[in-house]
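Residue numbers (the numbering used here): 2 to 433.
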C-alpha cells in the first residue's frame, strides 16, 4: 500500500510540524544540564475498505488503535486472540528503542486485551500475558507475544482494576497468580514524571482485594499489599489513597501474621500523621468484632488530640512560646516574649548596608516561619542599616484554626467510639 502526501501549500517540514510542538523543560539531574524536550504531533486522514481495517490498523496505525480495531469484533476465540497477541508482539519488536527494548502497552490497550482474555476463556493465554519477561524478551523464540506492561504506577492503571478483578474471578488463581503479582510490582524502566504516575502496586492490589469477600486471591494480594506497605516510609503510607482499604481488610483478616504486621506499622507512626488514616478507616470499625491490636491507633490519636487542644486552647497573646529563629537568639527571645515590635540594630545583627538588611528581611519573610508569624522591614538611619521586626496575628489565627479542627475530630472520635477513646476493654474499644 502506498500513501499520497498531500501538501498543497508546499510547506516545509518545519512549517508543517512546528504548530503541533509541545515542549517541556527538564530540570537539573545530577551533573547534567537542564534539557528541553520537544514532542511533535501531526495528523493524517486515512481511508481504506472496512474489511481491511484490522489488517491496516496493525500495519500503519499506533498500537492503541490496532488493539482498538481488533477489540471491535463481536467475539474472539482463544486461537485468534493468541495470533493477534503474537502480531502485536511482532509489531513492538519492529519498533524497539536504541536499547533494544520493547515499548510497553498503554493502560488502555492492556485493559482491552484483558477483556478479550476473559471472553476467550483460555487460562494459558492469561498466564502468557502476565509473564514478567522484562529485558529477557529477546531470549525467546519467535513468535513472541505481547506481554502485560509493568503495572506499578503505570499511567491510568486504575482503569484496569475492574477487568483485573474480573480475571481473578474467572480463572484459577494458582495458574497465573504469582505472575500477576510480579506484573503489579514491576515498574517502568527509567525516570517517570510524577504527573504520569498511576496507582502503586499496593494501591492496585488493595482495590482488587476490595472486590472479594474471601479466598486465595484476597489472601495473596493482601499479603502482597502488606509487604509493599512495610517498604514505604510512614508518611507515604499515611497519605496513600488505599490506606483505608489496608485497615479495612486487615481488620477482617484471620491471619494473625498480617494483623500483627499492620498493627506494628501503624503503632510506629507519629500520632500527628494518623488523622487521614483514621478518617478513612474508622467508619469501617463500628460493626467489626476483631479490632484487636489496631484499636491502639485510635487511642494514640485521641491522646495526641487531647494534648494539642490543651496547648492551643489559650486566650490571645503576642507571646509565641515555641517560636524558632535559629539565625539569632535575641530575635527568638523577642518572638517568645510579649512585645510586638523590635528594632534590630547593629547590636543585635550587623548589616553591611541597607541592601544587605533588605535581603535579610526578604529571606526570613520568605522562608518558613516556625511557630511564629512576623514581618520585617529594612530602613537606614544615619547610614546605619536597621531592621524593624513586627509580630502579626497570623500565627494565633492558625492556632485557632487547628484548635477548631482538632476539637471537631476529637468529638467525632468520641461519638463514634461511644465515648470510650481511652482504650476501654484492652481487647476491643467500645465502638458505635
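Glycine included, C-beta positions come from ideal geometry on N, C-alpha and C. Fair warning: this is a prediction, and the values are worked out from it, not measured in the lab.
Which of the three DSSP states is assigned to residue i in this structure?
i: residue 336; result: helix
i: residue 77; result: coil
i: residue 195; result: helix
i: residue 37; result: strand
i: residue 221; result: helix
i: residue 289; result: Below a pLDDT of 50, predicted positions are generally treated as unreliable, and residue 289, at 47, falls in that range; no measurement from the model is reported.
i: residue 349; result: coil
i: residue 213; result: coil
i: residue 153; result: strand
i: residue 240; result: helix
i: residue 371; result: strand
i: residue 188; result: strand
i: residue 94; result: helix
i: residue 147; result: coil
i: residue 70; result: helix
If you follow the beta strand (DSSP E) that residue i is part of, which residue opens it and which one closes it?
i: residue 375; result: 375 to 382
i: residue 344; result: 342 to 345
i: residue 385; result: 385 to 392
How would you call residue i, buried or exposed, if buried means at least 16 neighbouring beta carbons within 10 angstroms?
i: residue 396; result: buried
i: residue 175; result: exposed
i: residue 227; result: buried
i: residue 147; result: buried
i: residue 222; result: buried
i: residue 113; result: buried
i: residue 317; result: exposed
i: residue 169; result: buried
i: residue 392; result: buried
i: residue 281; result: buried
i: residue 1; result: As shown, the chain starts at 2 and ends at 433. That puts residue 1 outside it, with no answer to give.
How big is the Cα-Cα spacing for residue i and residue j?
i: residue 155; j: residue 198; result: 6 Å
i: residue 308; j: residue 301; result: 11 Å
i: residue 91; j: residue 97; result: 10 Å
i: residue 54; j: residue 267; result: 55 Å
i: residue 272; j: residue 364; result: 32 Å
i: residue 289; j: residue 252; result: For residue 289, the predicted model reports a pLDDT of 47, less than 50, meaning its position is unreliable; a value from the coordinates is still stated below. About 8 Å.
i: residue 202; j: residue 298; result: 24 Å
i: residue 7; j: residue 206; result: 49 Å
i: residue 16; j: residue 200; result: 39 Å
i: residue 508; j: residue 339; result: The structure shown does not extend to residue 508, since the chain is modelled only from 2 through 433, so no value can be given for it.
i: residue 327; j: residue 333; result: 7 Å
i: residue 319; j: residue 184; result: 57 Å
i: residue 353; j: residue 361; result: 11 Å
i: residue 213; j: residue 160; result: 18 Å
i: residue 279; j: residue 177; result: 35 Å
i: residue 95; j: residue 67; result: 15 Å
i: residue 19; j: residue 12; result: 11 Å
i: residue 47; j: residue 186; result: 39 Å
i: residue 347; j: residue 335; result: 16 Å
i: residue 416; j: residue 232; result: 34 Å
Could you check where the alpha helix (DSSP H) with residue i kicks off and where it finishes?
i: residue 202; result: 202 to 210
i: residue 114; result: 108 to 121
i: residue 279; result: 276 to 282
i: residue 250; result: 244 to 252
i: residue 319; result: Element bounds for residue 319: n/a, residue is neither H nor E.
i: residue 21; result: Unbroken run through residue 21: none, as it is neither H nor E.
i: residue 264; result: 257 to 268
i: residue 312; result: 296 to 313
i: residue 49; result: Per DSSP, residue 49 belongs to no alpha helix (DSSP H) and is neither H nor E.
i: residue 397; result: 395 to 417
i: residue 170; result: 162 to 171
With a threshold of 7 Å on Cβ separation, who are the neighbours of residue i within its own chain once the five nearest residues in sequence on each side are excluded?
i: residue 172; result: 124 and 127
i: residue 88; result: 59
i: residue 260; result: 251, 254, 293 and 294
i: residue 49; result: 57
i: residue 344; result: 387 and 389
Below 6 Å CB to CB, which residues in the same chain sit around residue i once its five sequence neighbours on both sides are set aside?
i: residue 182; result: 225
i: residue 238; result: 230
i: residue 9; result: none
Identify, in the order they occur along the chain, each residue of the same chain with its Cβ nearer than 8 Å to the Cβ of residue i, setting aside the five sequence neighbours on each side.
i: residue 313; result: 400, 401, 403, 404 and 407
i: residue 342; result: 389, 390, 391 and 392
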